[in-house]
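Enquirer: Here's a structure for you.
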Amino acid sequence: MTAKLLDGKRLSAEIRDSIREETACLRKGGIVPGLAVILVGDDPASRIYVGRKAESCLEVGIASSLHRLPASTSQIELLELIGRLNGDSSIHGILVQLPLPPQIAPDAVLAAIRPEKDVDGFHPVNMGRLVAGLPSSRPCTPKGILRLLKATGIPLAGKEAVVIGRSNIVGKPVALMLLEENATVTICHSRTKDLAGQARRADILVAAIGKPRLVTADMIKEGAVVIDVGINRLEGRLVGDVDYGPAAQKASWITPVPGGVGPMTIAMLLENTLELARKH
Ligand code: GUN
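Structure, rendered in structure tokens:
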């Protein structure tokens with residue numbers, strides 16, 4: 003089987019077009035959706051991601067403010083900035099780009115964002131709401147993955163979904179969101195005994211482990227849908243967690259890297275910002 007391309011670039015462009023229209027409507031009603039993005043330090047990948055987020059806001063008419071703080075910023079200084087943004091009525095969403103420098107505890111920072119402005123859905127209240135199946139801002143990458151899966155038209159109910167990776171940003175929330183869609187979900191991680199055997203059971207395989215080309219073709223069931231969340235630099239190229247060429251010979255659908263999950267994360271950030279502005 004040769005896989006069909008699950009094209010995140012194209013789907014995200016369609017979503018951004020409709021967000022642009024909805025933002026224009028809100029603006030006519032006097033509400034300008036506002037997103038504050040905070041970047042602490044100079045992690046090169048984070049700088050690129052944050053730049054793309056700000057650019058995409060501009061394209062769809064969302065007002066974004068980028069707060070770049072030095073790597074030496076203390077936790078208290080960051081919490082003070084979040085406190086100011088929490089109280090600023092022109093800001094509907096606050097995003098603190100992760101990872102943070104070692105002197106800052108991410109848990110304390112994420113918990114300081116008002117849950118109503120938590121555009122990433124990482125606040126413990128919003129994570130709890132996800133676990134309980136209650137509405138909340140859903141984390142952007144998992145939400146984008148679900149949109150890609152739905153775009154295949156394949157029903158998720160009853161499917162075997164295997165998630166490789168247990169991060170709070172992707173692995174855990176995407177597993178819960180697949181469960182919400184009535185898939186049967188397995189989460190694998192670095193201590194899983196037979197990763198290849200688990201992966202081979204998957205109708206839907208999500209690779210979010212951050213290891214270049216870890217998922218090889220022999221780990222993929224014939225006809226599986228393969229979602230590659232990895233963005234790894236290997237010999238000067240960007241590669242995913244999946245060995246794309248051979249994997250595409252086994253899968254029915256597969257996301258490319260780049261151009262798969264990445265653009266969907268940004269589209270979902272815009273969508274979450276718009277939803278928070280609308281609620282406001
Ligand atoms: N770092 C990597 N992915 C993300 C994300 O989705 N949100 C934030 N805030 N930081 C990230």
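Taking my numbering, the leading residue of the sequence shown gets 3, the next gets one more, and so forth.
Built from N, CA and C at the ideal position, the CB exists for glycine as well.
1. Quick test of your reading: MET266 and GLY10, contact by CB under 8 angstroms. State the CB separation rounded to the nearest angstrom.
2. Whether or not the stretch 136-155 and the stretch 189-205 are in contact is what I'm after, with contact meaning three or more pairs of Cβ atoms, one per stretch, closer than 8 angstroms; do they touch?
3. Nearest to ASN170 by CA position, among ASN128, ILE96 and GLY262, is which residue?
4. Which value, in whole angstroms, describes the spacing of the CA atoms of THR188 and ALA253?
5. For ARG235, which residues does DSSP report across the bridge?
6. Would you call the stretch 57-77 and the stretch 24-35 touching, i.e. three or more CB-CB distances under 8 angstroms?
7. If you run the structure through DSSP and keep just helix, strand and coil, what is VAL9?
8. Using CA atoms only, rank isn't needed, just tell me which of MET179, ARG235 and VAL165 is closest to ARG203.
9. Would the beta-carbon of LEU272 fall within 8 angstroms of that of SER58?
10. Is the Cβ-Cβ distance between HIS125 and LEU112 less than 8 angstroms?
11. Look at the alpha carbon of THR25 and the alpha carbon of HIS94, and state the distance between them as a whole number of angstroms.
12. What are the start and end residues of the alpha helix (DSSP H) that includes SER58?
13. Report, in whole angstroms, the separation of the C-beta atoms of ILE222 and ALA249, which I expect to be a contact under 8 angstroms.
14. Would you give the residue range spanned by the alpha helix (DSSP H) that VAL166 belongs to?
15. Assuming the contact rule is C-beta atoms closer than 8 angstroms, ALA283 and GLY232 should be a hit. Round their C-beta distance to whole Å, please.
16. On the criterion of 16 or more Cβ atoms from any shown chain inside 10 Å, does SER14 qualify as buried, or is it exposed?
17. Where does ASP109 sit, in a helix, a strand or coil, going by DSSP?
18. Cβ-heavy atom distance between CYS59 and the ligand GUN below 7 angstroms?
19. With a 10 Å radius around its C-beta and 16 neighbouring C-beta atoms as the bar for buried, classify ASN274 as buried or exposed.
20. Under 6 angstroms Cβ to Cβ from ILE40, same chain only, skipping five residues before and after it: list those, please.
21. Could you please give the first and the last residue of the uninterrupted beta strand (DSSP E) stretch that includes LEU41?
22. Nearest-angstrom Cα distance between GLU51 and GLY264?
23. On the DSSP letters alone, give me the boundaries of the beta strand (DSSP E) that ILE229 sits inside.
24. Suppose contacts are defined by Cβ-Cβ distances below 8 angstroms. Is VAL176 in contact with VAL208 by that definition?
25. Which of the three DSSP states, helix, strand or coil, is assigned to SER287?
26. Let me know the beta strand (DSSP E) ranges lying completely inside the stretch 199-225, each 3 residues or longer, listed in chain order.
27. May I have the straight-line CA-CA distance separating ALA79 from LEU278, to the nearest angstrom?
28. Just the C-alpha distance for ASP109 and MET3, rounded to the nearest angstrom, thanks.
29. Out of GLY167, GLY212, TRP255 and ARG131, which has the shortest C-alpha to C-alpha gap to GLU182?
Expert: According to the structure shown:
1. Position 264 of the sequence shown, counted from the start, is the residue given in the question as residue 266. Position 8 of the sequence shown, counted from the start, is the residue given in the question as residue 10. So it is a contact: roughly 5 angstroms between Cβ atoms.
2. no
3. Within the sequence shown, residue 170 is the residue found at index 168, counting from 1. Closest by alpha carbon: ASN128.
4. Working through the sequence shown from its first residue, we reach residue 188 at position 186. Working through the sequence shown from its first residue, we reach residue 253 at position 251. Spanning the alpha carbons of THR188 and ALA253 requires a straight line of approximately 19 angstroms.
5. Translated into positions along the sequence shown, residue 235 becomes position 233. ARG235 is bridged to LEU240.
6. yes
7. In the sequence shown, residue 9 corresponds to position 7, counting from 1. The sequence given here has Asp at residue 9, not Val. In this structure, ASP9 counts as coil in the three-state DSSP scheme.
8. Position 201 of the sequence shown holds residue 203. Nearest option by C-alpha distance: VAL165.
9. Translated into the one-based positions of the sequence shown, residue 272 becomes position 270. Translated into the one-based positions of the sequence shown, residue 58 becomes position 56. It is a contact, given that the beta carbons lie within the stated cut-off.
10. Within the sequence shown, the letter at position 123 stands for residue 125. Within the sequence shown, the letter at position 110 stands for residue 112. Less than 8 angstroms separates the beta-carbon of HIS125 from that of LEU112.
11. Translated into positions along the sequence shown, residue 25 becomes position 23. Translated into positions along the sequence shown, residue 94 becomes position 92. Taking the straight line from one Cα to the other gives about 13 angstroms.
12. Position 56 of the sequence shown, counted from the first residue, corresponds to residue 58. SER58 -> alpha helix (DSSP H) spans 46-62.
13. Along the sequence shown, read from residue 1 onward, the residue named residue 222 stands at position 220. Along the sequence shown, read from residue 1 onward, the residue named residue 249 stands at position 247. Right, their Cβ atoms sit about 6 angstroms apart.
14. The sequence position of residue 166 within the sequence shown is 164, counting from 1. The question names Val, but residue 166 in the sequence shown is Ile. Secondary structure note for ILE166: it is in no alpha helix (DSSP H), and the uninterrupted beta strand (DSSP E) holding it is 162-166.
15. Since the first residue shown for the chain is 3 and the last is 282, residue 283 is missing from the structure and cannot be characterised.
16. Residue 14 sits at position 12 when you count from the first residue of the sequence shown. Burial call: buried.
17. Your numbering for residue 109 matches position 107 in the sequence shown. When secondary structure is reduced to three states using DSSP, ASP109 falls in the helix class.
18. Numbered from its first residue, the sequence shown carries residue 59 at position 57. At a cut-off of 7 angstroms, the beta-carbon of CYS59 does not count as near the ligand GUN: no heavy atom of the ligand is closer than that.
19. Residue numbering aside, residue 274 sits at position 272 when the sequence shown is read from its first letter. By the beta-carbon neighbour count (other beta carbons within 10 angstroms, threshold 16), ASN274 is buried.
20. Within the sequence shown, the letter at position 38 stands for residue 40. Counting only residues of its own chain and dropping the five nearest sequence neighbours on each side, ILE40 has a CB closer than 6 angstroms to the CB of HIS69 and VAL98.
21. The sequence position of residue 41 within the sequence shown is 39, counting from 1. Here the beta strand (DSSP E) through LEU41 covers 36-42.
22. Numbered from its first residue, the sequence shown carries residue 51 at position 49. Numbered from its first residue, the sequence shown carries residue 264 at position 262. Per the sequence presented here, residue 51 reads as Tyr, with Glu not at that position. If you take the alpha carbons of TYR51 and GLY264, they lie about 9 angstroms apart.
23. For this step, residue 229 is matched to residue 227 along the sequence shown. It spans 227-230 - the beta strand (DSSP E) in which ILE229 sits, taken as one unbroken run.
24. On the sequence shown, residue 176 is found 174 positions in, with the first residue counted as 1. On the sequence shown, residue 208 is found 206 positions in, with the first residue counted as 1. Contact: yes.
25. Only positions 3 to 282 of the chain appear in the structure, and residue 287 is not among them; the question remains open.
26. 206-209
27. In the sequence shown, the residue the question calls residue 79 occupies position 77. In the sequence shown, the residue the question calls residue 278 occupies position 276. Here residue 79 is Glu; the residue named in the question, Ala, does not match the sequence. Between the alpha carbons of GLU79 and LEU278 lies a distance of about 25 angstroms.
28. Here residue 109 is taken as the residue at index 107 of the sequence shown, counted from 1. Here residue 3 is taken as the residue at index 1 of the sequence shown, counted from 1. Cα to Cα, the separation comes out at about 44 angstroms.
29. As a working mapping, residue 182 is identified with position 180 in the sequence shown. Looking at the Cα atoms, ARG131 is the closest of the given residues.
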